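S.K.: Using our numbering, you'd call the opening residue of the sequence shown number 3 and step up by one each time. Can you read through this structure? Questions will come right after.
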Amino acid sequence: MEIETSTEEAIQPVPTIGHPEEHLEVEETGTTEEINYPTGYKLWLTVISLCIAMFLKGLDLTIVAVAVPSLTDQFKTVSDIGWYSAAYGLTLSAFVFFFGKVYTIFSVKAVFLFGIAVFEFGSLLSTLANSSKMFIVGRAITGLGSSAMGTGMIKMLRHLFPLSKQAFWGGVVGGIQTLGLVVAPVIGGVLIDSFSWRACFGINLPLGVFCFAFTAYAFHDPVPITNITVWEKIKRTNPLGTLLIVPAFTCFLMALQWGGSTYGWGDWRIILMFILFGVLFSSFGYVQYRQGEDATLPFRVLKQRSVLAGLWCNICYDGILAVTEYYLSIYFQGVRDFTPTKSGLLGVPMIGGLLIGIMLAATGTARIGYYYPFLYATSVLAPVASGLLTTINLDQSVGKATALLGFLGLAIGLGIQGPQLGVATTLSIEDISIGTAVIMFGAGLGSALFVSASSTLFNARLVDEIRQYSPSTNVTALEAAGLSDIRTYIGSEKLKNVLSGYNKAVVQTLYMPLALGILTIVGTVAMERRSIKKKQS
């Protein structure tokens, strides 16, 4: 689903959803490739392979949310729940720029197959995990493979179809990813009820094997650059930047995860993590500055107002969606005692609302020529929807929570394509891919950061609220029981009070999406007012 721009034609809004790293190819421009496009069954095997890869990528983005209560039951810990999503989101977003460069230098086929293999290995580790730490490592490796697959999607399409057909097929393959996002909660719930949580990640293995085999057999490998040495190729991928940015945000996530729960905010370990983040991130910025026009992130792009505004908006949008989905799944399964399947079905309205919002905004933008009114709509409606979600309680119908999830999805959907259109209308043709990469990096980062931070908040509030509602309850033992097994450990005389504490902890965690919804106004106001119907200067 690529946003194409031209100096001769209006920019048309293209509906997107989730974390479409297929936009994030950072590619050298100014060259024209002569491509012999494949035909027949090899073409369609490759298209099927791409569809499988993007479906799995979409599936893994959201399936973990419905599995969280089961994971806490298995590993007997609540403190790690933030990492189950954050580890995947961190590597997914942090390696986007790296793979964007790699695809311009090395064999497209080899890099894509590498991505599938890494994705499969990570899925295998997650499926077989016998500890929380092993599962987190598996999720991080899966995210790395997903980053490689997603970044290469558009590159592969360029070697399958002529330019006139690429937008259509990009939309088709991107739509398959959207399908994965939509059905993930339901598929995850059914797999957990029918087998176990392990099936949510084991399902990747047979599908990934087909994807690998079809690509290896059918895809025509474009001739890579051959007139430079291997060492020069490696240097062009900017490995130093990746080696700085990944540990930088890992340190930041560790500080957010440990602070206030495992250690106090003033503890030397937390302070050290923040210092390391500052040093590593500053070093990354310095490296980019020294590389000038050869940098992965040229400063001419980073200092552009709409790029920074879009980055901020996407951080907030995906933080809102990820945290809400995570803790409503805990609410449905842990507090309301619904099955994973029912929990997944109850979460579908948020994705449905998101799709409706995207379509409404796409239609409206095409008609009036401006995207920023829909950004304002999100900044007004998202805080309202998130605020209303903080009023859910045990005595109300679950239909209220479901309806509000649909409302929140609609609110975010209205503005979620705005940052991409802002970049497309303000940057030069050569810089659009880089600018889009920056704002989509923000999407993955927002999900990882705020799920991690919300985990710390939830754990702290859970302890305090249960002690308040049920002072005689052993909170330590309860945390080790898991989120959906509490009824096994708590007698009927205490159960309602303990569930009230759980409900209150979920509600107080949902104030984080409310705050993020309010903060979207910063990016909305900063975004430049450009028409998609006017020529770029």
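Glycine included, each C-beta is placed from N, C-alpha and C at the ideal position. Just so it is clear, the structure is predicted and the values come from calculations on it, not from any experiment.
My assumption, with CB atoms under 8 Å, is that Ile414 sits in contact with Leu356. Please give the rounded CB distance.
M.R.: Mapped onto the sequence shown, residue 414 falls at position 412. Mapped onto the sequence shown, residue 356 falls at position 354. That pair is a contact at about 6 Å.
S.K.: Look at the alpha carbon of Thr217 and the alpha carbon of Leu45, and state the distance between them as a whole number of angstroms.
M.R.: For the purposes of this step, residue 217 is taken as the residue at position 215 of the sequence shown. For the purposes of this step, residue 45 is taken as the residue at position 43 of the sequence shown. The alpha-carbon atoms of Thr217 and Leu45 are separated by roughly 10 Å.
S.K.: What's the call for Phe116, buried or exposed, on a 16-neighbour Cβ count within 10 Å?
M.R.: Within the sequence shown, the letter at position 114 stands for residue 116. Answer is buried; the Cβ neighbour count reaches 16.
S.K.: Could you pull the DSSP bridge partners for Gly261 from this structure?
M.R.: Here the question's residue 261 lines up with position 259 in the sequence shown. According to DSSP, which records beta bridges pairwise, Gly261 is partnered with Tyr265.
S.K.: For the alpha helix (DSSP H) that contains Tyr291, what are its first and last residues?
M.R.: Sequence index remark: in the sequence shown, residue 291 carries index 289 (1-based). Note, Tyr291: alpha helix (DSSP H), Trp270 to Gln293.
S.K.: Since Ser454 sits in a beta bridge, which residues does DSSP pair it with?
M.R.: Residue numbering aside, residue 454 sits at position 452 when the sequence shown is read from its first letter. Ser454 is not bridged to any residue.
S.K.: Considering only their Cβ atoms, is the gap separating Tyr378 from Ala363 smaller than 9 Å?
M.R.: Here the question's residue 363 lines up with position 361 in the sequence shown. Here the question's residue 378 lines up with position 376 in the sequence shown. Their beta carbons are not under 9 Å apart, which means Ala363 does not touch Tyr378 by this criterion.
S.K.: Please work out which residues of its chain come closer than 6 Å, Cβ to Cβ, to Gly437, disregarding the five sequence neighbours upstream and downstream, and give them in chain order.
M.R.: Working through the sequence shown from its first residue, we reach residue 437 at position 435. Cβ within range, chain order: Val303, Val309, Val425 and Leu429.
S.K.: Sort Lys237, Cys253 and Leu58 by Cα distance to Val281 and report the nearest one.
M.R.: As a working note, residue 281 is residue 279 in the sequence shown. Minimum Cα distance to Val281 is reached at Cys253.
S.K.: Considering only their Cβ atoms, is the gap separating Gly262 from Leu459 smaller than 9 Å?
M.R.: What you label residue 459 is simply residue 457 of the sequence shown in a count that begins at 1. What you label residue 262 is simply residue 260 of the sequence shown in a count that begins at 1. Yes. Within cutoff.
S.K.: Okay, do the region 404 to 422 and the region 307 to 322 touch, 3+ Cβ pairs below 8 Å being the bar?
M.R.: yes
S.K.: With a cut-off of 8 Å on the beta carbons, I'd call Ile178 and Phe57 a contact; round off their distance for me.
M.R.: In the sequence shown, the residue the question calls residue 178 occupies position 176. In the sequence shown, the residue the question calls residue 57 occupies position 55. About 5 Å; that satisfies the 8 Å criterion.
S.K.: Check whether the region 58 to 77 and the region 85 to 99 are in contact - that is, three or more C-beta pairs closer than 8 Å.
M.R.: yes
S.K.: So what does DSSP say about Glu24, is it helix, strand or coil?
M.R.: The count along the sequence shown starts at 1 and reaches residue 24 at position 22. Per-residue confidence for Glu24 stands at a pLDDT of 43, beneath the threshold of 50, marking its modelled position as unreliable; the derived number appears in the next sentence. In this structure, Glu24 counts as helix in the three-state DSSP scheme.
S.K.: From which residue to which residue does the alpha helix (DSSP H) around Asn316 run?
M.R.: Here residue 316 refers to the residue found at position 314 when the sequence shown is read from its first residue. Arg307 to Ile332 is the span of the alpha helix (DSSP H), which, as asked, contains Asn316.
S.K.: My guess is that Leu94 and Gly145 are in contact by the Cβ rule of under 8 Å, so how many angstroms apart are they, rounded?
M.R.: Here residue 94 corresponds to residue number 92 of the sequence shown, with the count starting at 1. Here residue 145 corresponds to residue number 143 of the sequence shown, with the count starting at 1. Yes, they are in contact, since the Cβ atoms of Leu94 and Gly145 sit about 4 Å apart, within 8 Å.
S.K.: According to DSSP, Ser533 sits in a beta bridge with which residue or residues?
M.R.: Position 531 of the sequence shown, counting from 1, holds the residue named residue 533. Under DSSP, Ser533 shares a beta bridge with Tyr372.
S.K.: Give the range of the alpha helix (DSSP H) segment to which Pro164 is assigned.
M.R.: On the sequence shown, residue 164 is found 162 positions in, with the first residue counted as 1. Note, Pro164: premise wrong, no alpha helix (DSSP H); not H, not E.
S.K.: Which class does Ala131 belong to by DSSP, given the choice of helix, strand or coil?
M.R.: Position 129 of the sequence shown, counted from the start, is the residue given in the question as residue 131. Looking at Ala131 - three-state DSSP - the assignment turns out to be coil, as it is neither helix nor strand.
S.K.: Taking 6 Å as the limit between beta carbons, can you name the residues of its chain near Ile492, skipping five residues before and five after?
M.R.: Within the sequence shown, residue 492 is the residue found at index 490, counting from 1. Sequence-distant Cβ neighbours of Ile492 in its own chain, meaning closer than 6 Å and more than five residues away, are Val500.
S.K.: Which ranges does the alpha helix (DSSP H) cover as unbroken runs of at least 4 residues, wholly within the region 341 to 409, from first to last along the chain?
M.R.: 342 to 370 and 374 to 391
S.K.: Looking only at its own chain, which residues have a Cβ that is under 6 Å from the Cβ of Phe283, when we skip the five neighbours before and after it?
M.R.: Taking the first residue of the sequence shown as 1, we reach residue 283 at position 281. Answer for Phe283: Ala250, listed in chain order.
S.K.: DSSP on Ile197, reduced to helix/strand/coil?
M.R.: As a first step, residue 197 must be located in the sequence shown, where it is residue number 195. Note that residue 197 is Phe in the sequence shown here, rather than Ile. In this structure, Phe197 counts as coil in the three-state DSSP scheme.
S.K.: Given a cut-off of 9 Å, decide if Asp82 and Lys135 are closer than it, judged by their beta-carbon atoms.
M.R.: Residue numbering aside, residue 135 sits at position 133 when the sequence shown is read from its first letter. Residue numbering aside, residue 82 sits at position 80 when the sequence shown is read from its first letter. Closer than 9 Å, so yes.
S.K.: What's the gap between the Cα of Trp270 and the Cα of Trp260?
M.R.: Here residue 270 refers to the residue found at position 268 of the sequence shown. Here residue 260 refers to the residue found at position 258 of the sequence shown. Using only the alpha carbons, I get a separation of about 12 Å.
S.K.: Roughly how many whole angstroms lie between the Cα atoms of Gly60 and Gly182?
M.R.: Within the sequence shown, residue 60 is the residue found at index 58, counting from 1. Within the sequence shown, residue 182 is the residue found at index 180, counting from 1. Answer to the nearest angstrom: the Cα atoms are 5 Å apart.
S.K.: Around the Cβ of Met158, are there at least 16 other Cβ atoms within 10 angstroms (buried) or fewer (exposed)?
M.R.: For the purposes of this step, residue 158 is taken as residue 156 along the sequence shown, with counting starting at 1. Buried, by the Cβ-count rule.
S.K.: Check whether the Cβ of Phe57 sits closer than 8 Å to any heavy atom of the ligand NAD, and report yes or no.
M.R.: Absence of the ligand NAD from the depicted structure is noted, as is the absence of any ligand whatsoever, leaving it without description.
S.K.: Using C-beta distances below 7 Å, list every residue in its chain close to Ile358, excluding the 5 sequence neighbours before and after it, in chain order.
M.R.: Counting from 1 along the sequence shown, the entry for residue 358 is found at position 356. Once the five neighbours on either side are set aside, the close Cβ partners of Ile358 are Leu412 and Gly415.
S.K.: Within the continuous alpha helix (DSSP H) that includes Phe221, where are the two ends?
M.R.: Within the sequence shown, numbered from 1, the residue matching residue 221 stands at position 219. Phe221 -> no alpha helix (DSSP H), and no H or E assigned at all.
S.K.: Among Gly191, Thr264, Ile441 and Tyr43, which has the Cα closest to the Cα of Phe540?
M.R.: The question about residue 540 has no answer here: the residues shown for the chain are numbered 3 through 539.
S.K.: Glu327 and Ala69: beta carbons closer than 9 Å?
M.R.: Indexing the sequence shown from 1 puts residue 327 at position 325. Indexing the sequence shown from 1 puts residue 69 at position 67. Going by C-beta atoms, Glu327 is not nearer than 9 Å to Ala69.
S.K.: Let me know the secondary structure DSSP gives Asp487 once reduced to three states.
M.R.: Residue numbering aside, residue 487 sits at position 485 when the sequence shown is read from its first letter. Residue state, collapsed to three classes: coil.
S.K.: Residue range of the alpha helix (DSSP H) that Ile107 falls in?
M.R.: Numbered from 1 along the sequence shown, position 105 holds the residue referred to as residue 107. Its alpha helix (DSSP H) spans residues Val98 to Ile107.
S.K.: Taking the alpha carbon of Ser494 as the point to measure from, which residue in Val508, Lys103, Thr475 and Ala131 has its own alpha carbon closest?
M.R.: Along the sequence shown, read from residue 1 onward, the residue named residue 494 stands at position 492. Looking at the Cα atoms, Thr475 is the closest of the given residues.
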